[in-house]
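Engineer: Here it is, the structure in full.
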Amino acid sequence: MSLRQRPLQASNSTSRTTSEPPGQPTNPTQPNCHPSTPPRKGIRLNRILGRIVPIIVLIYIAFAYDLVVVRYAHRHLYLQRRRTLLPIVWLLPAHGLFLWSLRAYLRVFFAHSPQYTNKSSGLISWLRTNFGAAFPDPDEAQQLEQQRLNTLATSLSNTEVKIELCQADGQPLRCWRDNCRARLKAFRMRHCGDCGTCRVGFDHHCAWFDNDVTAPATLRAFVAFLVSIPPLYVIAFGPLFPSAWQTLKQIKDFTASDAVIRSKWYNKWYSWIGGPAFRWIVGYALRASRWPKPSKDRWPHESPHTQVLVALGAVFVFVATALAASSLTQLRKGMLTVDLERAKAYGKLRLQMEKLEKLTNGSDVEKLTAIRQKMETLSPTQYFKVSTKDKNSGEEKESIVALSPEEGLLSRGSAWANIGRFLGLKQASSSDGPAWLLSEPALRKILQAAALLPRENSN
Numbered sequence: 145m146s147l148r149q150r151p152l153q154a155s156n157s158t159s160r161t162t163s164e165p166p167g168q169p170t171n172p173t174q175p176n177c178h179p180s181t182p183p184r185k186g187i188r189l190n191r192i193l194g195r196i197v198p199i200i201v202l203i204y205i206a207f208a209y210d211l212v213v214v215r216y217a218h219r220h221l222y223l224q225r226r227r228t229l230l231p232i233v234w235l236l237p238a239h240g241l242f243l244w245s246l247r248a249y250l251r252v253f254f255a256h257s258p259q260y261t262n263k264s265s266g267l268i269s270w271l272r273t274n275f276g277a278a279f280p281d282p283d284e285a286q287q288l289e290q291q292r293l294n295t296l297a298t299s300l301s302n303t304e305v306k307i308e309l310c311q312a313d314g315q316p317l318r319c320w321r322d323n324c325r326a327r328l329k330a331f332r333m334r335h336c337g338d339c340g341t342c343r344v345g346f347d348h349h350c351a352w353f354d355n356d357v358t359a360p361a362t363l364r365a366f367v368a369f370l371v372s373i374p375p376l377y378v379i380a381f382g383p384l385f386p387s388a389w390q391t392l393k394q395i396k397d398f399t400a401s402d403a404v405i406r407s408k409w410y411n412k413w414y415s416w417i418g419g420p421a422f423r424w425i426v427g428y429a430l431r432a433s434r435w436p437k438p439s440k441d442r443w444p445h446e447s448p449h450t451q452v453l454v455a456l457g458a459v460f461v462f463v464a465t466a467l468a469a470s471s472l473t474q475l476r477k478g479m480l481t482v483d484l485e486r487a488k489a490y491g492k493l494r495l496q497m498e499k500l501e502k503l504t505n506g507s508d509v510e511k512l513t514a515i516r517q518k519m520e521t522l523s524p525t526q527y528f529k530v531s532t533k534d535k536n537s538g539e540e541k542e543s544i545v546a547l548s549p550e551e552g553l554l555s556r557g558s559a560w561a562n563i564g565r566f567l568g569l570k571q572a573s574s575s576d577g578p579a580w581l582l583s584e585p586a587l588r589k590i591l592q593a594a595a596l597l598p599r600e601n602s603n
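Using the numbering used here, the letters of the sequence shown map in sequence onto residues 145 to 603.
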């Protein structure tokens, strides 16, 4: 996720009217003076995890499918117990939910920029085109937002109005990172450092999919995948819970009677180096290695591997549930993951600055200035340049308006309205365009701060 570049001299006022357009910045540290930075070549942990985690998920799915469908449903229920209807009734909804979950996963995993399919060919391009979502083009999104803001503002104020996202000094808000090359930024457009490009409605780069989660292009599929994991786990592994628990107790009893495992591991002092959990995991691995091979007297699914797959599935369920709950909690407030992370970083910097001011009595100007610059970079306040032209007299005015999340910058009202907009639900999104656009209530507050609309009576 990117840090929005802001100059140090940000104003705390909500509106500033100027008689002439702001001049060009002279400070070489300001974003508008930065040359485009080349793509980063350093190692990024998120990218490494993005290469590993999908492979782990694929391997887990293969082993889990073999356990549930082949060993339990086919060999045990159908061949050994001669049950025909039960496997069908059980596996039909399980496969339906699995395919729905897989479709949601692939939609995020194969998500792509619009220009990708125009320049690529082959199997990967076909998979991306047919299964992946398409990210909105950043330049087209910025133009669409600019056109909508100007049209809506003029219709609301009955005056020729032009609204542009800007920095605190009125200069255009641009991205100078990687290959963006001073690209104009739209509202809720963030730069993904892992992908090296700006994304419209950027939420976060997810290692589960090795791709970006954006609203609403892939956020809806992302949430759908997370929500589908708990019921899929219960439906698929539910019939295996009793036998898995029984096998676990048998392995425990086997360990108690096996002198070799006790002498090689449990009686050694170094078995406690990693703590009780590590001691138990290694002990379980030793028990599994000495577990008798499958025989005719044992069911096909009765093996130490069953408990491992069930336990890993429970971990996936816990992670997915936590991510889904966290995402929906933030969405109902009108916030994306990047907004939350930036707010946390901003709060830490504020506490750091307050602590430094108390310790040095404000004498360490260099460190305080550096912290303030970072705070301005992470500030949740968004600035808008409102340009007006009187149709009768031709008089032109400009004002810089600041709008914060507390003043309604991000939220669209009710929790359902926020969630519906971000997830791209038709009933919620048909009124005023994509979720990443500035809402009409926020636009009204901008026009009110610029004295183009009367302020609402709080009473």
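Where a beta carbon is used, it is the ideal one built from N, C-alpha and C, also for glycine.
1. Kindly indicate which residue of Ala277, Ala468, Asp322 and Thr358 has the alpha-carbon position closest to the one of Arg579.
2. Note down, in chain order, each residue of its chain lying with its Cβ closer than 6 Å to the Cβ of Ser573, except the 5 sequence neighbours on either side.
3. Go ahead and pull the three-state DSSP assignment for Pro598.
4. Output the distance between the C-alpha atoms of Arg321 and Val509, rounded to the nearest integer angstrom.
5. Using DSSP bridges, identify the partner residues of Pro448.
6. Buried or exposed: which applies to Tyr216, given that a residue is buried once 16 or more other Cβ atoms fall within 10 Å of its Cβ?
7. Helix, strand or coil: which one does DSSP assign to Lys393?
8. Am I right that Val367 and Leu567 are in contact with their C-beta atoms under 8 Å? What's the rounded C-beta distance?
9. To the nearest angstrom, how far is it from the Cα of Lys533 to the Cα of Asn302?
10. List in chain order: all unbroken alpha helix (DSSP H) runs of 4+ residues lying wholly within the stretch 188–220.
11. In chain order, which beta strand (DSSP E) runs of at least 3 residues are fully inside the stretch 344–419?
12. Buried or exposed: Ala464, going by 16 or more other Cβ atoms within 10 Å of its Cβ?
13. Quick check on DSSP: helix, strand or coil for Phe528?
14. Buried or exposed for Ala586, please, with buried defined as at least 16 other CB atoms from any protein chain shown within 10 angstroms of its CB.
15. Can you name, in chain order, every residue of its own chain whose Cβ lies under 7 Å from the Cβ of Gln451, other than the five neighbours on each side?
16. With a threshold of 8 Å on Cβ separation, who are the neighbours of Arg188 within its own chain once the five nearest residues in sequence on each side are excluded?
17. Which term fits Asn536, buried or exposed, when burial requires 16 or more other beta carbons within 10 angstroms of its beta carbon?
18. Between His349, Trp416 and Glu289, which lies nearest to Arg195 when the distance is taken from Cα to Cα?
19. Is it the case that the stretch 497–514 contacts the stretch 551–558, given that we only count it when at least three CB pairs across the two stretches are under 8 Å?
20. Have a look at Phe398 and Arg431 and give me their C-alpha separation to the nearest angstrom.
21. Let me make sure I understand the geometry here. Which of Gly478, Val344, Lys529 and Gly506 has the alpha-carbon closest to that of Leu553?
22. So the beta strand (DSSP E) Leu547 belongs to, where does it begin and stop?
23. Taking DSSP as the reference, what is the three-state secondary structure of Arg327?
24. Taking His335 as part of the beta strand (DSSP E), name the residues at either end of that continuous run.
25. Closer than 6 Å by C-beta to Lys306: which residues in its own chain qualify, once you throw out the five before and the five after it? Chain order, please.
26. For Arg618, which residues in the same chain have their Cβ closer than 6 Å to its Cβ, ignoring the five residues on either side in sequence?
27. Which two residues bound the contiguous alpha helix (DSSP H) that contains Leu512?
28. Rounded to whole angstroms, what is the Cα-Cα separation between Ala594 and Glu584?
29. With a threshold of 8 Å, are at least 3 pairs of Cβ atoms found where one atom belongs to the stretch 376–387 and the other to the stretch 219–238?
30. Going by beta carbon distance, what residues of the same chain come within less than 8 Å of Tyr222, once the five residues before and after it are set aside?
31. Considering just the uninterrupted stretch of the beta strand (DSSP E) at Leu309, what are its terminal residues?
32. Would you check if the distance between the CB atom of Tyr527 and the CB atom of Gly457 is smaller than 8 Å?
33. Would DSSP call Lys533 helix, strand or coil?
34. Starting from Leu587, follow the alpha helix (DSSP H) in both directions and report where the run begins and ends.
35. CB-CB under 6 Å to Pro280, same chain, minus the five flanking residues each way: which ones, in chain order?
36. Taking Asp370 and Ala297 to be in contact with their CB atoms under 8 Å, please state how far apart those CB atoms are, rounded to whole angstroms.
Structural biologist: Based on what the coordinates show:
1. One detail in the question is off: residue 579 reads as Ala in this sequence, not Arg. Minimum Cα distance to Ala579 is reached at Thr358.
2. Residue confidence for Ser573 is low, a pLDDT of 48 falling below 50, so the modelled location carries little weight; the figure read from the coordinates is stated next. These residues qualify, in order along the chain: Arg565.
3. coil
4. 28 Å
5. Answer is none; Pro448 lacks a bridge partner.
6. buried
7. helix
8. 6 Å
9. 11 Å
10. 189–209
11. 346–350 and 355–358
12. buried
13. strand
14. buried
15. Ala388, Thr391 and Leu392
16. Gly337 and Asp338
17. exposed
18. His349
19. no
20. 8 Å
21. Gly478
22. Glu540 to Leu547
23. strand
24. Met333 to Cys336
25. Asn294 and Ser531
26. Since the first residue shown for the chain is 145 and the last is 603, residue 618 is missing from the structure and cannot be characterised.
27. Val509 to Leu522
28. 15 Å
29. yes
30. Thr228 and Pro231
31. Glu304 to Cys310
32. no
33. strand
34. Glu584 to Ala593
35. Val344
36. It should be pointed out that residue 370 corresponds to Leu in this sequence rather than to Asp. Incorrect: roughly 38 Å between the Cβ atoms, too far for contact.
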